[in-house]
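Here the structure comes first, spelled out in structure tokens, and everything after it is commentary.
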Amino acid sequence: MQAHTHTPAIIFGHHIRYVVPLFQRPYVWTEDDQWQPLWEDIRTLTERLLDAPPTAYGAPPLPPHFLGAIVLDQQTTPSGFIATRHIIDGQQRLTTLQLLLDAAQWVVEQHGADMDAQALKTLVLNGANLAEHSDHVFKVWPTDRDQDSFRAVMDNATQLPPSLATSKIAQAHMFFAGQITEWADVTGDPDKVAQRLNALVRALRDHLKIVVIDLEPGDNAQVIFETLNHRGSPLLAADLIKNLIFQLAQAEGADVPHLYKTYWKPLDGDYWRQPVAQGRRYRPRIDLFLNHWLTMKLLREVAGDRVFADFRDHVFTHHPAIADLLAELAADAQVYQQMENLAPDSIEGVFHYRVIRALDSAVVSPFLLWILRWPADAMSAQQRTKAITALESWMVRRALTRATAKDLNRMILDLLRALDNDGPARAGDTVETVLATQHAESRHWPDDHALHRVLDTQPIYKILTRPRMRMLLEALEDSLRGPLGEGQTCPRNLTVEHVMPQAWREHWGADIDGDHNAGAQRDQLVHSLGNLTLVNGKLNPTLSNRPWTDEDTAARGLASGGKRDYLLRHSQLKLNATLVAQHHATWTEQDILDRASELVGRIATIWSRPVEAVRPQASSISAIADFVAHIGDDELNGAVAGAHTGKYRALWRWLRQQPSEDVSLSFAQVEQILDGPLPPSARNHLPHWYGYDGTALGRAIRDAGWKATHVNLIDERVTFVHIASQDN
Numbered sequence: 001m002q003a004h005t006h007t008p009a010i011i012f013g014h015h016i017r018y019v020v021p022l023f024q025r026p027y028v029w030t031e032d033d034q035w036q037p038l039w040e041d042i043r044t045l046t047e048r049l050l051d052a053p054p055t056a057y058g059a060p061p062l063p064p065h066f067l068g069a070i071v072l073d074q075q076t077t078p079s080g081f082i083a084t085r086h087i088i089d090g091q092q093r094l095t096t097l098q099l100l101l102d103a104a105q106w107v108v109e110q111h112g113a114d115m116d117a118q119a120l121k122t123l124v125l126n127g128a129n130l131a132e133h134s135d136h137v138f139k140v141w142p143t144d145r146d147q148d149s150f151r152a153v154m155d156n157a158t159q160l161p162p163s164l165a166t167s168k169i170a171q172a173h174m175f176f177a178g179q180i181t182e183w184a185d186v187t188g189d190p191d192k193v194a195q196r197l198n199a200l201v202r203a204l205r206d207h208l209k210i211v212v213i214d215l216e217p218g219d220n221a222q223v224i225f226e227t228l229n230h231r232g233s234p235l236l237a238a239d240l241i242k243n244l245i246f247q248l249a250q251a252e253g254a255d256v257p258h259l260y261k262t263y264w265k266p267l268d269g270d271y272w273r274q275p276v277a278q279g280r281r282y283r284p285r286i287d288l289f290l291n292h293w294l295t296m297k298l299l300r301e302v303a304g305d306r307v308f309a310d311f312r313d314h315v316f317t318h319h320p321a322i323a324d325l326l327a328e329l330a331a332d333a334q335v336y337q338q339m340e341n342l343a344p345d346s347i348e349g350v351f352h353y354r355v356i357r358a359l360d361s362a363v364v365s366p367f368l369l370w371i372l373r374w375p376a377d378a379m380s381a382q383q384r385t386k387a388i389t390a391l392e393s394w395m396v397r398r399a400l401t402r403a404t405a406k407d408l409n410r411m412i413l414d415l416l417r418a419l420d421n422d423g424p425a426r427a428g429d430t431v432e433t434v435l436a437t438q439h440a441e442s443r444h445w446p447d448d449h450a451l452h453r454v455l456d457t458q459p460i461y462k463i464l465t466r467p468r469m470r471m472l473l474e475a476l477e478d479s480l481r482g483p484l485g486e487g488q489t490c491p492r493n494l495t496v497e498h499v500m501p502q503a504w505r506e507h508w509g510a511d512i513d514g515d516h517n518a519g520a521q522r523d524q525l526v527h528s529l530g531n532l533t534l535v536n537g538k539l540n541p542t543l544s545n546r547p548w549t550d551e552d553t554a555a556r557g558l559a560s561g562g563k564r565d566y567l568l569r570h571s572q573l574k575l576n577a578t579l580v581a582q583h584h585a586t587w588t589e590q591d592i593l594d595r596a597s598e599l600v601g602r603i604a605t606i607w608s609r610p611v612e613a614v615r616p617q618a619s620s621i622s623a624i625a626d627f628v629a630h631i632g633d634d635e636l637n638g639a640v641a642g643a644h645t646g647k648y649r650a651l652w653r654w655l656r657q658q659p660s661e662d663v664s665l666s667f668a669q670v671e672q673i674l675d676g677p678l679p680p681s682a683r684n685h686l687p688h689w690y691g692y693d694g695t696a697l698g699r700a701i702r703d704a705g706w707k708a709t710h711v712n713l714i715d716e717r718v719t720f721v722h723i724a725s726q727d728n
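Mapping to the UniProt record's numbering: the sequence shown position 212 is 212, numbers consecutive.
And the structure:
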């Protein structure tokens, strides 16, 4: 066999036919598993091309995107006929690439430059004059079950019969055409559209790479096909790394069989090749481990498709002894495997469950790997606990207060760099200090006031994802049961239950019948923390919407008692025992508020924060909350002479109180000042901020003596500048 790395321009740039043998399966790739991830990768690559400056002499070229490998078997063709190869392996990949190229060609032909359209056309069609059969014009020819739909979409048929339109071939072509059309923004500036499409053409032609393996005469294509597709395993980043390591070991004259048996053999087991969810994608566990390991070692972000390349660069740059490198990898792999099997009541196990699973923050895995890899004589249990609990508190508090997670990757890298610099002996002190001294809004450690502001009254049942909501209530239950490690932890996967039901009007509305404002307030509070608890999944449907007490239940003609009685008799959670013990006769809005305040106090204790942690600047969430809490009713209602009286008067008043000459806020902070939402147009149109004569928001800003600048609709941020200071 001969293997070469080629671009689509080389693979399809000449007259060629790649034929899928009849015995192979039909086209089976799908949007979620393959098309969407492929398009996202190509879109990212294209946007990097758009943003890349002209390459200077000696500068490294833009890294290509690797699409995988294909295996081809050359067929004997008479002189003058188009060369033909059978696709032994990789037909799904090659078919998808052709559908993508043709969809791109169709969009470019309509909205881009003629030269770019022609450049793609040469990659999807052979010259008609050379094709001895009409279907030979296609460079890829699928198995018989897909041929009709493939022919139709590659001919750019606009209307397909239902039997063809529902095929995966047609759906893939339509998906890529739609994604490219949307991304290029074909209704916008034609010059910009052409520029974007030109970058896409360059990316597709020259910046994708495929390993092409050509079989030689004498190679048994069927045996190779069976080996690759049945008895073999996919080519992983780990396979490439393994090959590199043992090639180097052999060059060093090392005992390769001994090194393999001692260090690498366990990594060849089924456990490490199992696919693991990473967002919407699944990756083999060993590749995910190597990705996190490299991030920890290199102290920088490592892209999933760069694992082998970055590992190779690391080895060739630092030249570690291969035996030492293998020993380190094997030891850290054991730690990584233990991370998924930590005791559920241990500090480390709770962190893994709450942060990595419930908060869905696998980005912290390199941090946890770094912390757990050190033995007790290098990092004390106290320092390890302090490091883990500090990051958990920082993560959970930010998640509960809905702080942005945009900077999380860089924050974890900064923590790793600080830990690498200070060493394991003071890891806990390092983590706490780094987190406690962050000034930026994207990194600050929310205080207790911020927790109360969000969790006392906000409808968090609608705001938090269900795993996060469940984790929060489980943590409260654990705290009632005693310190971690001293009692049985709360069962997982219980059901979140509303004490006062969501459909409260059925049995709980007699006291406010007809009062619209009271009903609206109850609708808000029913989804707040004070009204939520956990129950066994089998108990939840039984509780339903029944009244609180047995007496009210009987009065309404319902059997089997009230909700309080059910919780008392069937639930063994301390969270519910406390609730029913303190509320015998009623469960009201005030009870919800009181319980919320109590639970938030407990949350602040579970995820404690150092008192010396830096509070954000004057524009912070806490400072804004203080402003809203103490704002004067008279001034807000326009009773103060000269006061702005529009509906955005709270922002007017807040700006007038600012001592600095400029202040930067997120849209969410502006809404906190207003104690209400911004209009949708403010999140989508710049003139809403700048058009002082036409918008109520603009007039409030102008009347306060300020103007909006640097409005970023993507990051949802705005900077206000004092007009007088700008004039000076």
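Just so it is clear, CB atoms sit at the ideal spot from N, CA and C, and this is done for glycine as well.
Local conformation of residue i per DSSP, three classes
{"i": "tyrosine 648", "result": "coil"}
{"i": "tryptophan 29", "result": "coil"}
{"i": "alanine 503", "result": "coil"}
{"i": "glutamine 159", "result": "coil"}
{"i": "tryptophan 607", "result": "coil"}
{"i": "serine 681", "result": "helix"}
{"i": "leucine 665", "result": "strand"}
{"i": "leucine 532", "result": "strand"}
{"i": "aspartate 552", "result": "helix"}
{"i": "lysine 707", "result": "strand"}
{"i": "histidine 722", "result": "strand"}
{"i": "aspartate 73", "result": "strand"}
{"i": "threonine 465", "result": "coil"}
{"i": "histidine 584", "result": "coil"}
{"i": "glutamate 497", "result": "strand"}
{"i": "proline 616", "result": "Here proline 616 scores only 47 on pLDDT, less than 50, and its place in the model should not be relied on; the value that follows carries that caveat. Proline 616 falls in the coil class under three-state DSSP."}
Neighbourhood of residue i by C-beta distance below 8 Å, restricted to the same chain and skipping five residues each side
{"i": "serine 597", "result": "His452, Asp456, Gly530"}
{"i": "glycine 537", "result": "Asn493, Leu494, Thr495"}
{"i": "alanine 503", "result": "Asn545"}
{"i": "residue 732", "result": "The displayed coordinates of the chain run from 1 to 728. Any statement about residue 732 would go beyond what the structure contains."}
{"i": "tryptophan 141", "result": "Arg17, Tyr18, Val19, Val20, Asp135, Gln147, Phe150"}
is_contact[residue i, chain B] using C-beta, thresh 8 Å
{"i": "isoleucine 16", "result": "You won't find chain B in this structure, because it holds only one protein chain."}
Nearest neighbour of residue i, chosen from the options [CA to CA]
{"i": "arginine 306", "options": "Arg397, His292, Gln105", "result": "His292"}
{"i": "valine 454", "options": "Thr95, Leu197, Asp429, Gly601", "result": "Gly601"}
{"i": "proline 257", "options": "Leu299, Asp313, Ala323", "result": "Ala323"}
{"i": "histidine 498", "options": "Arg505, Leu532, Ala321, Val124", "result": "Leu532"}
{"i": "arginine 354", "options": "Val20, Arg717, Arg466", "result": "Arg466"}
{"i": "isoleucine 209", "options": "Arg93, Asp268, Leu651, Ser681", "result": "Inspection of the sequence shows that residue 209 is occupied by lysine rather than by isoleucine. That would be Arg93, whose Cα lies nearest to the Cα of lysine 209."}
{"i": "aspartate 41", "options": "Ala708, His65, Ala52", "result": "His65"}
{"i": "lysine 647", "options": "Thr695, Asp377, Phe667, Leu248", "result": "Thr695"}
{"i": "tryptophan 35", "options": "Thr95, Thr46, Phe316", "result": "Thr95"}
{"i": "glutamate 392", "options": "Ala331, Arg609, Gln657", "result": "Arg609"}
Contact set for residue i: own chain, Cβ-Cβ below 7 Å, skip 5 residues either direction
{"i": "alanine 194", "result": "Gly112, Ala113"}
{"i": "arginine 312", "result": "Leu244"}
{"i": "isoleucine 11", "result": "Ile210, Val212"}
{"i": "phenylalanine 175", "result": "Glu31, Trp35"}
Nonlocal neighbours in the same chain, by C-beta distance under 6 Å from residue i, ignoring five residues either side
{"i": "histidine 710", "result": "Thr719"}
{"i": "histidine 527", "result": "Pro459, Tyr461, Lys462"}
{"i": "leucine 288", "result": "Val276"}
Environment of residue i [buried if 16+ CB atoms lie within 10 Å]
{"i": "glycine 698", "result": "buried"}
{"i": "phenylalanine 308", "result": "buried"}
{"i": "aspartate 102", "result": "buried"}
{"i": "alanine 237", "result": "buried"}
{"i": "proline 687", "result": "exposed"}
{"i": "valine 107", "result": "buried"}
{"i": "leucine 99", "result": "buried"}
{"i": "threonine 310", "result": "Sequence check: residue 310 is aspartate here, not threonine. It counts as buried."}
{"i": "arginine 280", "result": "exposed"}
{"i": "arginine 443", "result": "buried"}
{"i": "lysine 261", "result": "exposed"}
Does the count of Cβ pairs from the region 402–411 and the region 430–447 closer than 8 Å reach three? yes
Within the chosen definition, does the region 169–176 reach the region 144–156 through at least 3 CB pairs nearer than 8 Å? yes
Please determine if the region 294–304 and the region 361–378 are in contact, where contact requires at least 3 C-beta pairs separated by less than 8 Å. yes
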